[in-house]
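Here is the structure we will look at, set down as C-alpha coordinates.
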Amino acid sequence: THNMDVPHVKREDYQLTDISDDGYLTLMADNGDLREDLKIPDGDLGTQLRSDFDVGKELL
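With the numbering used here applied, the sequence shown covers 466 to 525.
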(Lines of atoms letter the chains of each structure in order from A and count residues from 1; the text may use other names and numbers.)
(Lines give C-alpha, C1' and ligand atoms only; values in the text may rest on other atoms or scores of the structure.)
Protein backbone atom coordinates (compact mmCIF):
# COMPACT_ATOMS: atom_id res chain seq x y z
CA THR A 1 0.00 0.00 0.00
CA HIS A 2 1.03 3.60 -0.62
CA ASN A 3 0.15 6.70 1.33
CA MET A 4 -0.91 9.64 -0.74
CA ASP A 5 -1.57 13.25 0.25
CA VAL A 6 -4.84 14.57 -1.10
CA PRO A 7 -5.46 18.33 -1.15
CA HIS A 8 -8.38 19.69 0.84
CA VAL A 9 -10.24 22.22 -1.30
CA LYS A 10 -12.74 24.70 0.12
CA ARG A 11 -14.90 26.53 -2.39
CA GLU A 12 -16.34 29.95 -1.62
CA ASP A 13 -18.61 31.90 -3.96
CA TYR A 14 -18.50 35.69 -4.02
CA GLN A 15 -20.91 38.12 -5.65
CA LEU A 16 -19.48 41.18 -7.38
CA THR A 17 -21.20 44.19 -5.77
CA ASP A 18 -19.07 47.11 -7.01
CA ILE A 19 -16.05 48.15 -9.07
CA SER A 20 -14.32 51.25 -7.72
CA ASP A 21 -12.94 54.05 -9.89
CA ASP A 22 -9.40 52.94 -9.04
CA GLY A 23 -10.09 49.40 -10.32
CA TYR A 24 -10.73 47.41 -7.14
CA LEU A 25 -13.55 44.89 -6.86
CA THR A 26 -15.98 44.72 -3.95
CA LEU A 27 -17.01 41.11 -3.46
CA MET A 28 -19.57 39.76 -0.98
CA ALA A 29 -19.34 36.21 0.39
CA ASP A 30 -22.37 34.03 1.14
CA ASN A 31 -22.14 35.02 4.83
CA GLY A 32 -22.13 38.77 4.04
CA ASP A 33 -18.40 39.39 4.53
CA LEU A 34 -16.89 41.86 2.05
CA ARG A 35 -13.56 41.68 0.24
CA GLU A 36 -12.23 44.89 -1.27
CA ASP A 37 -8.59 43.94 -1.81
CA LEU A 38 -8.70 42.48 -5.32
CA LYS A 39 -7.81 44.57 -8.35
CA ILE A 40 -9.76 44.00 -11.54
CA PRO A 41 -7.70 41.79 -13.90
CA ASP A 42 -5.93 43.36 -16.88
CA GLY A 43 -6.88 42.44 -20.41
CA ASP A 44 -9.99 40.85 -21.83
CA LEU A 45 -11.21 39.36 -18.54
CA GLY A 46 -11.19 42.73 -16.77
CA THR A 47 -12.90 44.43 -19.71
CA GLN A 48 -15.60 41.74 -19.79
CA LEU A 49 -16.17 41.95 -16.01
CA ARG A 50 -16.54 45.73 -16.17
CA SER A 51 -18.93 45.69 -19.16
CA ASP A 52 -21.09 42.90 -17.66
CA PHE A 53 -21.25 44.76 -14.34
CA ASP A 54 -22.14 48.05 -16.06
CA VAL A 55 -25.17 46.49 -17.79
CA GLY A 56 -26.41 45.03 -14.49
CA LYS A 57 -25.51 41.39 -15.02
CA GLU A 58 -25.31 39.40 -11.75
CA LEU A 59 -21.77 38.08 -11.41
CA LEU A 60 -20.81 35.27 -9.02
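Heads up, the beta-carbon is just placed ideally off N, CA and C, and yes, glycines get one too. Here the structure is a predicted model, which is why all the values come from computation and not from measurement.
Identity of the residues DSSP links to residue i by a beta bridge
{"i": "Lys504", "result": "Tyr489"}
{"i": "Leu514", "result": "According to DSSP, which records beta bridges pairwise, Leu514 is partnered with nothing at all."}
{"i": "Asp483", "result": "Thr491"}
{"i": "Leu499", "result": "Met493"}
Assigned exposure category for residue i - 16 Cβ within 10 Å defines buried
{"i": "Leu492", "result": "buried"}
Contact check, residue i vs residue j, beta carbons under 7 angstroms
{"i": "Asp478", "j": "Leu525", "result": "yes"}
{"i": "Ile505", "j": "Leu481", "result": "no"}
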